[in-house]
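Notes to accompany the following structure.
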Amino acid sequence: MPDIRIRDAAQLLGVSDDTVRRWIDSGALTGRKDESGRLVVDGRELADLAVEQARTPQTRMGSASSARNRFPGLVTKVVADTVMAQVEMQCGPFTVVSLMSSESVRELGLQPGSVAWASVKATTVVVETAADGGAG
1 MPDIRIRDAA
11 QLLGVSDDTV
21 RRWIDSGALT
31 GRKDESGRLV
41 VDGRELADLA
51 VEQARTPQTR
61 MGSASSARNR
71 FPGLVTKVVA
81 DTVMAQVEMQ
91 CGPFTVVSLM
101 SSESVRELGL
111 QPGSVAWASV
121 KATTVVVETA
131 ADGGAG
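Heads up, the sequence shown is in the UniProt record's numbering, so the first residue is 1 and it goes up one at a time.
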């Protein structure tokens with residue numbers, strides 16, 4: 001299994017280096033020194049922790065959705081004309097852009113600062129790796 005440096009593990013999970021070190025100290029992850037003396041974690045173990053840490057975000061009404069790719073976020077920009085609108089959201093470190101009818105924007109009351117959930121259904125997902133096979 002690939003070894004992943006603490007800095008890279010933190011970036012992949014969207015947490016701080018200190019959080020990864022706390023997980024190692026608490027036994028949630030196993031850390032070891034690589035051949036260069038750097039602290040690393042096993043990639044498979046990190047993947048298992050990522051799945052364990054993940055949870056389905058709840059809607060305002062407390063119900064869940066069957067959509068797997070569902071991200072809570074803040075609306076940051078709305079550009080609308082009489083028929084169509086572009087809505088931009090910041091979902092954690094990711095920007096999500098949706099094209100929808102202007103009527104939907106009005107019905108949902110979307111405006112910068114609104115809390116909303118982006119549900120994504122993709123027919124194509126491209127997976128890439130670093131040229132050296134590492135995390136970064």
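Ideal Cβ positions, reconstructed from N, Cα and C, are used throughout, including at glycine.
None of the values given here were measured: they were computed from a predicted structure.
Shown here, Arg22 sits in a helix according to DSSP, grouped into three states.
Taken through DSSP and simplified to helix, strand or coil, Leu29 comes out as coil. Secondary structure note for Asp3: its beta strand (DSSP E) is the uninterrupted segment Asp3 to Arg5. By the criterion of a C-beta distance shorter than 7 Å, Thr76 is surrounded in its chain by Glu88, Met89, Gln90 and Pro112, once the five residues flanking it on both sides are discounted. In the three-state DSSP reduction, Val97 falls in the strand class (E or B). Taking the Cα of Ser119 as reference, the smallest distance to any Cα among Val96, Gly14, Ile4 and Gly109 is reached at Val96.
Around the Cβ of Asp18, a 10 Å sphere holds fewer than 16 other Cβ atoms; the residue is exposed. At a Cβ-Cβ threshold of 7 Å, Leu13 and Ala50 count as neighbours.
In this structure, Met100 sits away from Ala80, with a CB-CB distance that is not shorter than 7 Å.
Listed in chain order, the non-local C-beta contacts of Ser36 below 7 Å within the same chain number zero, local neighbours out to five positions each way being set aside. DSSP, read as helix, strand or coil, puts Leu110 in coil. Asp42: member of the beta strand (DSSP E) spanning Leu39 to Asp42, first to last residue. Around the beta carbon of Val40, a 10 Å sphere encloses 16 or more other beta carbons of the protein chains shown; the residue is thus reported as buried.
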